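Engineer: Would you mind keeping the following structure in view while I ask a few things?
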Amino acid sequence: MKEGRLYVIDGLRGWAALIVYFFHLRGLFYLNDKNFFDQIFGKTPLQLLVDGEAAIFLFFILSGFSLSYKFFMEKDNRYLQEAAQYRYFRLVVPVFFALLLPYILITFNLMFNSQAYFGAYEKHFTVYEMFKYSFFELPFKYGASHAVFGPVFWTIYLEFTASLIIFSLLALFGKWNLRFLLYILLIKLTYSMQAFASFYFLFLVGVIICDVFCLQKKYANTTKRYVLKEKQMWGVLCLALLILYYYMTVILGYKIFTHRSKYYFLMLLFIASLYLPILGDFFSSRLSRFLGRISFAVYLIHFPILCSFACVISNSIKHQYSLFISSFIILLVTTPVVLYVAYLFTVFIEERLLISIKSTLRNIGKSRNLVEAAKPTFYGALFSKANIENKAASMDTTIPN
106 MKEGRLYVID GLRGWAALIV YFFHLRGLFY LNDKNFFDQI FGKTPLQLLV DGEAAIFLFF
166 ILSGFSLSYK FFMEKDNRYL QEAAQYRYFR LVVPVFFALL LPYILITFNL MFNSQAYFGA
226 YEKHFTVYEM FKYSFFELPF KYGASHAVFG PVFWTIYLEF TASLIIFSLL ALFGKWNLRF
286 LLYILLIKLT YSMQAFASFY FLFLVGVIIC DVFCLQKKYA NTTKRYVLKE KQMWGVLCLA
346 LLILYYYMTV ILGYKIFTHR SKYYFLMLLF IASLYLPILG DFFSSRLSRF LGRISFAVYL
406 IHFPILCSFA CVISNSIKHQ YSLFISSFII LLVTTPVVLY VAYLFTVFIE ERLLISIKST
466 LRNIGKSRNL VEAAKPTFYG ALFSKANIEN KAASMDTTIP N
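In our numbering, the protein residues as written are 106 to 506.
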């Protein structure tokens with residue numbers, strides 16, 4: 106695994122986005138037929154490749170880790186200030202531009218999913234509604250009009266509110282030596298929450314894993330041999346638990362691989378990816394890093410492509426081939442389109458527009474700090490006056506008689 110930037114985080118995020126895409130593709134074309142899905146995926150670990158819920162849970166853990174990583178490495182509160190100011194734009198600006206795609210497709214009657222996927226995008230929305238939804242409703246109101254704009258945006262509210270909670274938590278207690286006692290209380294509190302509020306537990310888990318990981322990384326220079334052995338021990342233990350977990354849930358068929366039980370599986374998978382070289386190297390590979398680079402774009406834009414381009418392919422071949430053959434034709438044709446559009450979205454929106462916004466916010470912050478530093482305060486003026494008087498007194502000399 107590469108040092109410096111943790112590419113394993115990007116890789117995990119990239120594969121999670123791809124799993125969400127596979128999940129919606131499966132639902133879109135009814136690939137959950139027992140004769141197909143259960144035989145191909147149901148009895149193997151490949152079941153995870155179409156588990157959209159698990160992918161979302163992994164997103165939340167990764168967000169908790171990545172949002173706190175730089176702080177735990179540098180312990181600089183200025184990072185928290187800059188990150189909190191930028192976070193709103195980082196989430197809502199891509200959403201707004203992602204909504205332009207279904208807006209254009211609906212305007213030119215290029216949506217063909219009315220009978221394929223629960224009637225999504227049947228209602229036309231205006232640019233004003235799109236702007237209002239992206240910048241005001243989505244980050245501040247859980248359960249906004251997702252049925253109109255797309256089913257993938259419900260996580261944005263959780264990402265935004267959780268990031269503010271994380272930044273506040275780190276600013277107040279991030280340098281406190283007894284913060285792990287606070288973690289225990291917060292874990293108990295968030296895990297006992299109901300409905301969507303329980304997802305904050307996953308963000309907190311990501312923060313705690315990051316804290317422990319950074320502590321180990323800092324002390325690695327003085328106890329390098331011990332830390333390496335400990336990492337290998339944790340990795341092997343997590344891998345063994347993963348194998349046991351899948352054996353119990355997939356092979357034996359125990360019905361414990363549902364909702365909250367997935368939390369534990371994904372926590373183990375994440376820890377194993379950090380500590381096991383074989384997993385770390387895979388998720389740090391060029392392919393995984395590329396998927397990580399375009400992961401947010403894949404997550405945002407794949408659904409309207411499924412409801413337009415993929416539906417056209419489906420309608421043209423569904424009566425000519427079996428479900429199995431049709432599914433893989435659609436998969437092979439649609440996936441390159443999704444990845445290419447996501448790549449363009451990443452280059453022009455995330456890597457150009459968002460970087461410009463981030464630079465602007467940083468310059469505004471620097472200008473504000475300079476203005477604040479230049480303002481004379483009461484105590485500053487008082488101390489300056491006292492310093493002048495002291496200097497004058499020290500320079501005052503008398504001629505001896």
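Even for Gly, the Cβ is constructed at its ideal location relative to N, Cα and C.
Bear in mind that the values here come from a model prediction, so they are computed numbers and not experimental data.
Suppose only complete runs of 4+ residues qualify. What are the alpha helix (DSSP H) ranges in the region 147–198, listed by chain order?
Structural biologist: Within the region 147–198, the complete alpha helix (DSSP H) runs of at least 4 residues are 157–179.
Engineer: If you compare alpha carbons, which of P441, L283, R457 and F453 is closest to F127?
Structural biologist: For the purposes of this step, residue 127 is taken as residue 22 along the sequence shown, with counting starting at 1. Cα-wise, what sits closest to F127 is P441.
Engineer: Using a Cβ-Cβ cut-off of 8 Å (strictly less than) and excluding sequence neighbours within five positions of F278, which residues of its own chain qualify?
Structural biologist: Taking the first residue of the sequence shown as 1, we reach residue 278 at position 173. These residues qualify, in order along the chain: R284 and L287.
Engineer: Using C-beta distances below 8 Å, list every residue in its chain close to L153, excluding the 5 sequence neighbours before and after it, in chain order.
Structural biologist: Working through the sequence shown from its first residue, we reach residue 153 at position 48. Within the same chain, L153 has close Cβ partners I124 and A159.
Engineer: What residue range does the alpha helix (DSSP H) around F259 cover?
Structural biologist: Translated into positions along the sequence shown, residue 259 becomes position 154. One detail in the question is off: residue 259 reads as Trp in this sequence, not Phe. Its alpha helix (DSSP H) spans residues W259 to F278.
Engineer: Look at the Cβ atom of F194, then the Cβ atom of I462, and state whether they are nearer than 7 Å.
Structural biologist: The residue you call residue 194 lines up with position 89 of the sequence shown. The residue you call residue 462 lines up with position 357 of the sequence shown. For F194 and I462, yes; Cβs fall inside 7 Å.
Engineer: For D115, I'd like the list of residues in its chain whose CB is within less than 6 Å of its CB, leaving aside the five on either flank, ordered along the chain.
Structural biologist: As a first step, residue 115 is located in the sequence shown; it is residue number 10 there, counting from the start. The residues are R394 and G397.
Engineer: Using 7 Å as the threshold, is the C-beta distance between V253 and F272 below it?
Structural biologist: The residue given as residue 253 occupies position 148 in the sequence shown. The residue given as residue 272 occupies position 167 in the sequence shown. Result no, Cβ atoms of V253 and F272 do not sit closer than 7 Å.
Engineer: Tell me whether V452 is buried or exposed, calling it buried when 16 or more other Cβ atoms sit within 10 Å of its Cβ.
Structural biologist: Locating residue 452 in the sequence shown gives position 347, counting from the first residue. Classification for V452: exposed.
Engineer: Below 7 Å between beta carbons: does that hold for G169 and V317?
Structural biologist: If you number the sequence shown from 1, residue 169 lands on position 64. If you number the sequence shown from 1, residue 317 lands on position 212. No, these two residues do not count as a Cβ contact at 7 Å.
Engineer: Among F202, I211, K280 and V197, which residue has its Cα nearest to the Cα of L243?
Structural biologist: Within the sequence shown, numbered from 1, the residue matching residue 243 stands at position 138. Per the Cα distances, V197.
Engineer: Secondary structure at H424, three-state DSSP: helix, strand or coil?
Structural biologist: Here residue 424 corresponds to residue number 319 of the sequence shown, with the count starting at 1. Coil at H424, not helix or strand.
Engineer: So what's N468 in DSSP terms, helix, strand or just coil?
Structural biologist: Within the sequence shown, the letter at position 363 stands for residue 468. Correct three-state label for N468: helix.
Engineer: Span of the alpha helix (DSSP H) holding V310?
Structural biologist: The residue you call residue 310 lines up with position 205 of the sequence shown. Unbroken alpha helix (DSSP H) run through V310: Y305 to K323.
Engineer: Candidates Y404, F450, D181 and L437: which alpha carbon is nearest V257's?
Structural biologist: On the sequence shown, position 152 is the one that residue 257 refers to. The shortest Cα separation from V257 among Y404, F450, D181 and L437 belongs to Y404.
Engineer: Please classify S366: does DSSP put it in a helix, a strand, or coil?
Structural biologist: Looking up residue 366 in the sequence shown gives position 261. Looking at S366 - three-state DSSP - the assignment turns out to be helix.
Engineer: Please state the DSSP three-state secondary structure of M235.
Structural biologist: Position 130 of the sequence shown, counted from the first residue, corresponds to residue 235. Helix at M235.
Engineer: Output the distance between the C-alpha atoms of E108 and S389, rounded to the nearest integer angstrom.
Structural biologist: For the purposes of this step, residue 108 is taken as the residue at position 3 of the sequence shown. For the purposes of this step, residue 389 is taken as the residue at position 284 of the sequence shown. No answer about E108 holds up, because its pLDDT of 45 lies below 50 and its placement is not dependable.
Engineer: Taking the alpha-carbon of E455 as reference, which of A402, S464 and N214 has the nearest alpha-carbon?
Structural biologist: In the sequence shown, residue 455 corresponds to position 350, counting from 1. Selected option, being the one with the closest Cα: A402.
Engineer: Looking at C-alpha atoms only, which residue of I434, A377, R391 and V446 is the closest neighbour of F408?
Structural biologist: If you number the sequence shown from 1, residue 408 lands on position 303. If we check each option's Cα against that of F408, V446 comes out closest.
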